[in-house]
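One structure below.
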Amino acid sequence: MRIRLCLIPGDGIGPEIVNQAVKVLDKIAATYGHEVEYTEALLGGVAIDATGSPLPDETVEKCKAADAVLLGAVGGPKWDNIEKAIRPERGLLGIRKALGLFANLRPATLFPELAGASFLRPDITAKGLDVMVIRELTGGIYFGEPKGEDTTESGERRAFNTMVYRESEIERIARVGFETARRRGNRLTSVDKANVLDVSQLWREVVVEVAKDYPDVELDHMYVDNAAMQLVRDPSQFDVIVTGNLFGDILSDEAAAITGSLGMLPSASVGESGPGLYEPIHGSAPDIAGQDKANPLATILSVAMMLRHSLDLPDEAAAIEKAVQKTLQDGFRTGDIMEEGKRLLGCKAMGEAVLERMA
Ligand code: NAD
Ligand code: IPM
Ligand code: MN
Numbered sequence: 001m002r003i004r005l006c007l008i009p010g011d012g013i014g015p016e017i018v019n020q021a022v023k024v025l026d027k028i029a030a031t032y033g034h035e036v037e038y039t040e041a042l043l044g045g046v047a048i049d050a051t052g053s054p055l056p057d058e059t060v061e062k063c064k065a066a067d068a069v070l071l072g073a074v075g076g077p078k079w080d081n082i083e084k085a086i087r088p089e090r091g092l093l094g095i096r097k098a099l100g101l102f103a104n105l106r107p108a109t110l111f112p113e114l115a116g117a118s119f120l121r122p123d124i125t126a127k128g129l130d131v132m133v134i135r136e137l138t139g140g141i142y143f144g145e146p147k148g149e150d151t152t153e154s155g156e157r158r159a160f161n162t163m164v165y166r167e168s169e170i171e172r173i174a175r176v177g178f179e180t181a182r183r184r185g186n187r188l189t190s191v192d193k194a195n196v197l198d199v200s201q202l203w204r205e206v207v208v209e210v211a212k213d214y215p216d217v218e219l220d221h222m223y224v225d226n227a228a229m230q231l232v233r234d235p236s237q238f239d240v241i242v243t244g245n246l247f248g249d250i251l252s253d254e255a256a257a258i259t260g261s262l263g264m265l266p267s268a269s270v271g272e273s274g275p276g277l278y279e280p281i282h283g284s285a286p287d288i289a290g291q292d293k294a295n296p297l298a299t300i301l302s303v304a305m306m307l308r309h310s311l312d313l314p315d316e317a318a319a320i321e322k323a324v325q326k327t328l329q330d331g332f333r334t335g336d337i338m339e340e341g342k343r344l345l346g347c348k349a350m351g352e353a354v355l356e357r358m359a
């Protein structure tokens, strides 16, 4: 198969982790007889530096012409005080919107080898952890209007964002939730704040309506504050979580921490059609950028998600996941998941360790 892949390394540790993921994909291609045609595009801080915009038009065109997009991360202190309309993060939001990627799948699974790296007690991790967080990605408070800043009559500065969801936006993400639950444990938890927010009230009503098409899936609802607590108290109670943009952002970082590290969690962002975008859920980690310390596994596992979701190559995806697991079994760790008695590797050596374990 011919795979047209658009690479967006981005900022901070982005280029380091994407390099390791590309090595792994090249190995898959060589083993299974695929051909990967790479293009590279600018996004975020590096795009601002080169073109003045965090999302150059050329980047959108390159992504649209690809079968899939692999992204590192964007942002960093260098651009933190820049005019907010052109912050690096705006580029990321812009590309998600431009590609119509409304569904963000963030699977939090605990590799048994990393139980000791989890922040949870052993009796809790012993029950296993396999939660799929489905985050709505192109709506909610991230995109709602009006937003901005103005000055009140008394001369005080004021800033505001709007959390807004249309029925159609809730319905389509709810369907992704139910369909995903069907392929897993048949349980869906919709997370909202319906006891306070009008937008969450509508969210809940629409989810209940969509549920009628999925009588085989067990649906429950949870307020987001309770969900945050339940995730650390007993994550084994969850199968699939579906939630809005902001709640999903927060809960998925929390879910990552209980799997051992933010550096372990991959993601897939998909729309109705067109290329999917694959990226680790973490950011550009400026504190360790350029030091060969980053964990590349979330990005490598994002390649596996890409092979499965966008390219329909489940065997290739499984080969990567197995090699990652074998690497952990063999005791190799980056700093973020390091434990006593294990072997500490840098980003590049970790990429190579995975590569060596691919059949
Ligand atoms: P972050 O995820 O970059 O880092 C949080 C902490 O986790 C840091 O201590 C970092 O060193 C560690 N970490 C993250 N990824 C790691 C990895 N692969 N291996 C080892 N350790 C890892 O979040 P932050 O510090 O809040 O944000 C830094 C910058 O990244 C900001 O500009 C932010 O806007 C941006 N950001 C981008 C994305 C993205 O591109 N998808 C996501 C989150 C944050
Ligand atoms: C993520 C990030 C982004 C988000 C930021 C950098 C725009 O935190 O991908 O989780 O909030 O969606
Ligand atoms: Mn985030």
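Under the UniProt record's numbering, the very last position in the sequence shown is 359; numbers go up by exactly one each time. For glycine and all other residues, C-beta sits at the position ideal for the given N, C-alpha and C. Just so you know, these numbers come straight off a predicted model, no measurement behind them.
Outcome for residue i when other beta-carbon atoms lying within 10 angstroms are tallied against a minimum of 16
i           : result
G139        : buried
N245        : buried
S190        : buried
R343        : exposed
R183        : exposed
E113        : buried
S269        : buried
D225        : exposed
E169        : buried
A304        : buried
S252        : buried
residue 362 : Nothing can be reported for residue 362, as the shown portion of the chain is limited to 1 through 359.
K64         : exposed
G52         : exposed
E136        : buried
R233        : exposed
V18         : buried
V208        : exposed
Cβ pair residue i, residue j closer than 9 Å
i    : j    : result
I48  : G91  : yes
M306 : A68  : yes
I8   : A285 : no
L355 : V36  : no
T299 : A21  : yes
V133 : A108 : yes
V240 : A181 : yes
G100 : G248 : no
A73  : G283 : yes
N104 : S310 : no
T243 : A256 : no
P296 : E16  : yes
A66  : R4   : yes
L277 : L55  : no
E156 : L202 : no
E61  : L42  : no
Where residue i falls: helix, strand or coil (DSSP)
i    : result
N288 : Residue identity differs from the one stated: residue 288 is Ile in this sequence, not Asn. In the structure shown, I288 sits in coil (DSSP, three-state: anything other than H, G, I, E or B).
T152 : coil
A304 : helix
L188 : strand
D336 : helix
L202 : helix
P112 : helix
F178 : helix
I13  : coil
R87  : coil
R121 : coil
P107 : strand
R183 : helix
V131 : strand
R357 : coil
A159 : strand
R166 : coil
E316 : helix
E145 : coil
Nonlocal neighbours in the same chain, by C-beta distance under 6 Å from residue i, ignoring five residues either side
i    : result
E316 : I28, Y32 and L307
I141 : N161, M163 and L246
L120 : I258
G116 : E339
L219 : L188 and A211
L262 : A256 and H282
D336 : S261, G263 and N295
A323 : V354, R357 and M358
Within-9 Å CB hit, residue i to chain C
i    : result
G271 : Among the chains of the structure shown, chain C does not appear; only one protein chain is present.
Same chain, Cβ closer than 7 Å to residue i, five either side skipped, listed in chain order
i    : result
S200 : D192, K193 and A194
P235 : L129, V131 and I258
A319 : I28, M358 and A359
G144 : N161, T162, M163 and V164
8 Å CB neighbourhood of residue i in its chain, flanking five on each side removed
i    : result
L110 : S118, T125, G128, L129, D130, I258, T259 and G260
D216 : R182 and N186
Residue i: CB within 8 Å of a non-hydrogen atom of the ligand ADP
i    : result
E339 : The ligand ADP is not part of the structure shown, which contains the ligand NAD, the ligand IPM and the ligand MN as its ligands.
Query raised in the report: In chain order, which beta strand (DSSP E) runs of at least 3 residues are fully inside the stretch 18–81?
Result: Runs of the beta strand (DSSP E) inside the stretch 18–81: 35–40 and 68–73.
Requested in this report: Would you mind listing the alpha helix (DSSP H) stretches within the stretch 216–290 that are 4+ residues and don't spill past its ends, in chain order?
Outcome: Correct list: 224–233 and 245–258.
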